[in-house]
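Final position of the sequence shown in this note's numbering is 302; the numbers increase by one with none missing.
Glycine residues also receive a C-beta, built at the ideal position from the N, C-alpha and C atoms.
Single-structure report; data block below.
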Amino acid sequence: MSRITLSIEDSVAVLTLSNESKLNALTTGMLTQLNDYLVEIELNSSVRALIVTGAGEIAFCCGADITEWGALSAADFSRYWVRDGHRIFDRLARFNKPTLCAVNGHAFGGGLELAACCDIRILSDNSTLALPEAKVGIVPGWSGTQRLARLITEPVLKEIALFGRHIDAQRAYSLGFAAEVSKTPLDTAKQVASNLQNLSLRSNEITKAMIHGAVGEDSSAAIEALGSAASASSNDRDEGVQAFLQKRSPDFKGN
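Structure, rendered in structure tokens:
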């Protein structure tokens, strides 16, 4: 049974976590689905933006399904569950198109880490954010102590990670973590995404890579991607390819 659904409308892809009976807790199957959908959407040139949201109004995502990871050995927990989740979340964080997270209700643990991977977050007025891992004897494992440290101040991160406090939607907005608070976050996210129709998709892709380079989000890949794009558009690149195919020495002009 599919626990993540994909819909595409007006060049905007919407991924919906659909495990509502468990407050959209993430399972191994859902992580695999998320990864597969991200690959599919990234290769779809008709899609200009991605929105991630959750089914229902109680929770966007209350983290990872404890019935799955709780049964793993310590070695398998760190080797597979944490590393695979981190790899997939990194794919979302480094997505080549603008991403929005429509947070409807609670975003706890892995759910908060998932929201942090998107470019902007729009929260419902009943949203609450938390990192409750210490209550079950573990630590944030999908970038909660790393990516979140770039998005909110160190004292606030320590407040929720060490002391178990929750942040409501209005405080998240005042901290700059949320772009907007809305009674209908998915509708608002779609409205924001509709603005991309009048913007250059390629310009946004390059600008996003430049911002990521500045904040340290996969900066080495961002730098090499930008450099590769510049070299690939040069006459020297075309000459080099043709010379190789024709088995001759290239005549580079430096332009």
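Quick one, are the C-beta atoms of A154 and S174 less than 9 Å apart? yes
Relative to the alpha-carbon of V262, which residue among W128, D166, S120 has its alpha-carbon at the smallest distance? D166
I'd like the ranges of any beta strand (DSSP E) spanning at least 3 consecutive residues and lying wholly in the region 124 to 174. 146 to 150, 153 to 155, 167 to 171
By the 10 Å Cβ neighbour count, where 16 or more other Cβ atoms means buried, how is A277 classified, buried or exposed? exposed
Hey, could you find the ends of the beta strand (DSSP E) L222 is sitting in? That residue, L222, is in no beta strand (DSSP E); it is neither H nor E in DSSP.
For the alpha helix (DSSP H) that A261 lies in, which residues bound it at each end? 248 to 262
Quick check on the DSSP output: the beta strand (DSSP E) that includes T63 runs from which residue to which? 59 to 64
By the three-class DSSP mapping on this structure, what secondary structure does L20 have? In the structure displayed, the chain extends from 48 to 302; residue 20 sits before or after that span and is not available.
Range of the contiguous alpha helix (DSSP H) that encloses T192: Where T192 is concerned, there is no enclosing alpha helix (DSSP H), given that its DSSP letter is neither H nor E.
From F142 to A290, what does the alpha carbon distance come to, in whole angstroms? 34 Å
Could you tell me which residues DSSP pairs with L73 in its beta bridges? A111
Kindly indicate which residue of T79, A102, W128 has the alpha-carbon position closest to the one of G117. W128
From L233, S250, A121, pick the residue whose C-alpha is nearest to that of A149; which is it? L233
Pick from A140, I51, T52, G103: whose alpha carbon is nearest that of E67? G103
Along the chain, where does the alpha helix (DSSP H) that runs through E201 open and close? 201 to 209
Quick one: Cα of R284 to Cα of L53, how far? 38 Å
Considering A12, what are the terminal residues of the beta strand (DSSP E) in which it resides? Outside the shown range of the chain, which is 48 to 302, sits residue 12, and nothing can be said about it.
Pick helix, strand or coil for S68, following the three-state DSSP scheme. helix
Are the CB atoms of L195 and L209 within a distance shorter than 9 Å? no
DSSP bridge partner residues for T52 (one or two, in chain order): T63
Could you check what DSSP says for L81 in three-state terms: helix, strand or coil? helix
Closest residue to A177 among C164, T146, A219 (Cα-Cα distance): A219
How big is the Cα-Cα spacing for A106 and G152? 4 Å
Of all the options R134, F224, E56, which has the alpha carbon lying nearest to the alpha carbon of D265? R134
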